[in-house]
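Data block below; observations after.
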């Protein structure tokens, strides 16, 4: 419990630290309905502890502010009304100072509760809340990156220069035998409900790329006319590309001399051909794989391989895969989430929790695709081999990349 | 080959027969982008034979009309330009008479080709064209049903009365052991590429409902407030229901006395509680299953069970499952396509054909869900155990129903 | 009354004649929400007589078909429910045969009513119905032109060749003194309520162009980059042009050799530089005038000039203004409706009729602009000097042209 | 010139004072595309002086920040690229501190220019910039009111309580004779180009209401079913009302007991029946007038009457018209802008300025309607009798009210 208390404090503090480089103005804006303001993240993660722990377990519970129950509810119909998601950027009140006070108040009450009424349920809910907050830590970085990219000023989140990537090793193919195997969380610690139950799957023999696809390799795809060749794309992807007239990943742009640049949290940078490609949609990942004569792995293949191969591991921007990766799977964690071809679906025997917490994962299991691994923005210690991230096929603002597979 | 010739002639004739009860005006209209005019179906199925057979194999090929290459191309980017899908209803020219002449011309040339240049490739392409036309035969019925439903006149496609359904047997659960199994087409005849290759899958023990969900059972769900209970729905389904303010299946309506009616191809009918529920989206199917304490089957479960259980089989509207179904799986074919929870994805090792024909199936394998079985509108002999139908989760104008599964 | 009977019969017959060159299929389609199917025009004009005359004045009135009251009501809230405007093309039932029977039935009953119960109110309503039907005659031609233009076949409504235009006279400026004047209908015959009451307006001195702007003159504007010069356009017009990436009038297109063609009711034709420009929006008219150093006239200026100048007058496509126009105002009627800068607003003292007929004009007096004159599609005898046609600034499918004005 | 210097300083200071009650977060958000963030107003008004004065007249001009030329250009195509209007709320950089520094820098340079290079052109441009800034002062109040209304917290801009309105005088009708008259700016001081040239218009005899319509009178309209009676509305207004399911003015709401409240810049207030109705669209104004057996005045009528009648005049919320108004026109200025039925159009002989400044008014003269008078948010001394404000018919976030007219 003591350890949990320490972990709670550390994670909560880290969330505030992520907002440190930003002004109050930066923290209030919302660049698209899929993203949220930093302030909203700060408040919503606090709301999670208040609603699912304090409200249930604190004697004589009184909410910090009655309107916050509505303002900072993300998507829990079981809790009641919600402020409309696309209008989170209009909540100039409460201000950052009041949201910080909200965090401090809930933190103090959680600490008291841990002292006065320890127990397994509290531990479980606190652990869930911590994991939930870590998920939002990653979103804070991707959401603010999207916001900063909207202005021609293209300001950096962090003024520290981005070191050059080391030269990239050639792409190797690691062969796996497959067979009847098991995937899903296997242990006694924490996992999300979507990783359970561990269950059998049959995996046919396959090979996995030793590292992620690089910017350089993707530039070849662009230069070969990849964005204009219908034969490479899923039908919905082709509509998506043509309707928006897309020609490159979301944060790539050409300067006045035509040289490719990439907007990063460190500001615009000349495109580093050795770095892993990131911020691409499943549509782009699938088209690239098609062009490269390969395919995306399934999530079972990914997990099977990750359990068996030597793996090395991850800054706020993906780094190059050096020579050290030879003989194993490089860049599985800590660089880019890796799109799989697997639809996000319940594992056989999946059961959501009762009540509003059951809305955490299960109701999103449709028209989304699984990503495996973790990214440079994932908090250390958060991800694991059975972790299932998921986004719609057109999502590009996450640190998403490509690991190829083939027969 | 003689047999193929006969089969070709029979299928082509049946397509025209389906248009018989309709006026030329009925045949020209398009009620929504997802549906096509009857005339367009008549022409497009002919275009398929002209483009993929005559153009490739006929000596000194001259097109029937050069503009038809564009006007009646559905989605084959490899063939070139296409008339915009949502504007198919604006093609008042060519008229029905010219489209009938187009059919007759292509039929005569196909017959000559079969005589003069028989061979395996021609057989293969002709078989594909016949299967393709049968798929459009089903769409002709569902598309015209949707069109006729748009007017307050609610005219019948067929004036023949719909016989009452027999009393329905109680729903039984058939248990299956599962294990490492194989699914996919297994034979030497025709299958679509999406049924291949046959491959191993592990299926955990499960039970399947002996029959489809009935109108009566679904009415219980409605009366229990199913359309207004967020907890039963997938997140995207809940948005879908609330945005459109849906309260019942698409063709259900209440008369002035409040009695439920169902619009059918035989015109409006009092809702028959014994008939299978049909014309529901995956969203509705999933919410109903949730409410009923069950779930939808996976496509592997469906195929596994269909291969092992006694099955009976299929009018232009689903019929009731009588007592005869006891001890086996009733209504697997010939009543309603059955939603599965399986995302439409390539089987391991799937390879699309080269060229434009490779666009037939593969490029649609995203954000769609598999339906198994067949419906009252499926041409006899068209479906098989490994057949994979697929639609987006919100599609309601097909003859879609619910077969429940559980652990 | 006898004369009215004859006029009624002639106008009703002419409406049917306009549908003669078309198939039943052509008559059913609707190319955009602003346009209606020919069949709908045939039925709605009949509905007008049935609803506003027979229902009010026929003893023991029984409707031809009860559903037609809803199906063929255009916009009269006072009458009740309406079939949704954008879905008029989905009304494949009733078919053309039944609509022709509807027309014949109402015509016979109107004839009987004229015999049995003549009177001033009947005369007034019959006259209004005849004028209403003439307005729809023009819309039938512009709506079917828009429909036929949607297909790459670009079929002709009328196979008769379009004669070449005569050489065009130079554009003269006719000066008018202005002063306190009166506009509005001045007579004892029929006018629409929007032409009343005749009232005083002060008109400053101005000059009006002797003829319409030609295709050749407008081509100069295009070649001078007119569609890409923001400074020439109203703000809303510039958004309109750029959002739709417009570069020419709606029915102009370039053939494979780059030569300009114009789609007409006689089919595609090489662009005739001597013909009046037609099918342009107010946005385009205003930008052209700006570029030409002129402006559009107000409706008071147009009417003032038309009352004082020598005027000549009108085929199914605008013709050239020959030398004969010198010394007067050519092409005022029978070629193209002429955009004015006047917002469509009630004249001082305007009063709409009581009841549903009061919805005829008044409720549309907002965000529309007045056009004066008449077009090649206007039935002879329909227009007059005080006639006010009106459309939103972006409308292009009418026979609309430009007459310039200046100080 | 000294006086202009003083006036410049006072107006610039007042703009900053309007932002005083707000946090930096409040100043950054944009609640809808039609509104702008306070920070953007602060910067754009500064950009106006920098671009149209310093850039033209300052020797060795260097911009404060090159990107500001794009970021803070509102709609001047002649100046070049613009940051997209709907995304002004995403400009978290520059922050408020930098925008304040921008203001101070430009203010200092303007002061130097006035000292070093005085002259008529500078005076003219400076006067225009001051008037422009005053227009934005009003928008700052209406834009921030709209923003604050988006949250369930409904915070007040100003915590000072709103005094109760005095009892309202009965509505009198003041008759005017009309005749050939002149409207438009008549003087040697400043006016906007849209008020020129002064010109003749004929005005028929009419009567004008002695005061604005009150909340109490409009509540009668609501209670009489005004929002549900199609016969009262313009066609476009009826679509607008029904599509959005509107039932009351934008800032009216009912508390849990059903009592009407009005959101104001002083926070929510019980609806004061004596206050003038405000924040209504032209659609609502026109429907109310129709219901009340009256109409809206034309702008010529309004100006004619304002020039001839006794007028009294105007807090941050409209006040009641007390007994003192008897015998004259109360509430003409300083309460609510008054919708007229006049389309915003150029006066005869209107000529826009050359270059980018010509985009100030002229290009917006379409599909907008004129409002006359001024509101409680208009800076003192800004409006005048010939002043023409204008908005689209659906705009509700301005302080707009109703003054009735009749024959």
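Residue numbers (the UniProt record's numbering), protein chains in the order written: chain L, 1 to 407; chain Y, 1 to 407; chain A, 1 to 407; chain B, 1 to 407. C-beta atoms are modelled at their ideal positions from N, C-alpha and C, and glycine is treated no differently. No experiment lies behind these values; they were computed from the predicted model shown.
Counting C-beta pairs closer than 8 Å gives fewer than three between the segment 122-131 of chain B and the segment 53-60 of chain L, which falls short of the contact rule.
Counting the other CB atoms within 10 Å of its CB gives residue 171/B a total of 16 or more, which places it among the buried residues.
If you draw a straight line from the Cα of residue 84/Y to the Cα of residue 207/B, it comes to about 57 Å.
For the options 332/A, 294/A, 254/A, the alpha carbon positioned closest to that of residue 212/A is the one of 332/A. Of all alpha-carbon atoms in 20/A, 70/A, 307/A, the one lying nearest the alpha-carbon of residue 153/Y is that of 70/A. Under the Cβ distance rule, residue 367/B counts among the residues neighbouring chain A, one pair being separated by less than 8 Å.
In this structure, the straight-line span from the alpha carbon of residue 286/Y to that of residue 228/Y is close to 14 Å. Beta-carbon to beta-carbon, residue 45/A and residue 377/A are separated by about 16 Å, too far to satisfy the 8 Å threshold. For residue 179/L, the enclosing beta strand (DSSP E) stretches over residues 179-183. Cβ contact annotation for residue 343/L (same chain, cutoff 7 Å, sequence separation greater than five): 369, in chain order. Listed along chain Y, no residue sits closer than 7 Å to residue 341/A by beta-carbon distance, the nearest being about 34 Å off. For residue 82/A, no Cβ of chain B is located within less than 8 Å of the residue's own Cβ. Around the beta-carbon of residue 173/L, fewer than 16 other beta-carbon atoms lie within 10 Å, marking it exposed.
In chain order, 92 make up the part of chain A whose C-beta sits under 7 Å from the C-beta of residue 26/Y. Within chain Y, the residues placing a beta-carbon under 9 Å from that of residue 199/L are 202, 204, ordered along the chain. By the Cβ neighbour-count rule, residue 73/Y is buried, with 16 or more other Cβ atoms within 10 Å of its own.
For residue 89/B, the chain L residues whose C-beta falls within less than 7 Å of its own C-beta are 29, 89, listed in chain order.
Taking C-alpha positions only, residue 186/Y is separated from residue 318/Y by approximately 29 Å. A check of alpha carbon separations from residue 15/L across 56/L, 104/L, 311/L, 77/L identifies 104/L as the nearest.
The segment 174-181 of chain L makes no contact with the segment 269-284 of chain L; the number of CB pairs closer than 8 Å stays below 3.
Taking the Cα positions, residue 274/Y is about 9 Å away from residue 169/Y. DSSP places residue 98/B in the uninterrupted alpha helix (DSSP H) bounded by 96-116. Just measuring C-alpha positions, the residue of 293/Y, 363/Y, 249/Y sitting nearest residue 77/Y is 363/Y.
Between residue 144/Y and residue 26/Y, the alpha-carbon positions lie close to 8 Å from each other. DSSP places residue 92/A outside both helix and strand once states are collapsed to three, so it counts as coil.
The shortest C-alpha to C-alpha distance from residue 300/B to any of 81/B, 179/B, 118/B, 109/B is the one to 179/B. Contact between residue 64/A and residue 106/A is confirmed by a C-beta separation of about 7 Å, below the 8 Å threshold.
Rounded to whole angstroms, the gap between the alpha carbons of residue 305/Y and residue 348/Y is 21 Å. In the three-state reduction of the DSSP assignment, residue 307/B falls in the helix class. By the Cβ neighbour-count rule, residue 160/B is exposed, with fewer than 16 other Cβ atoms within 10 Å of its own. Per DSSP, residue 58/A lies in no beta strand (DSSP E) and is assigned neither H nor E. Residue state for residue 203/A is assigned as strand, using DSSP reduced to three classes. For residue 175/L, the enclosing beta strand (DSSP E) stretches over residues 173-176. Your pair residue 140/A and residue 21/A does not check out as a contact, with CB atoms roughly 11 Å apart and the cut at 8 Å.
In this structure, DSSP gives residue 244/B a state outside helix and strand, which the three-state scheme calls coil. It is roughly 18 Å from the alpha-carbon of residue 164/B to the alpha-carbon of residue 399/B.
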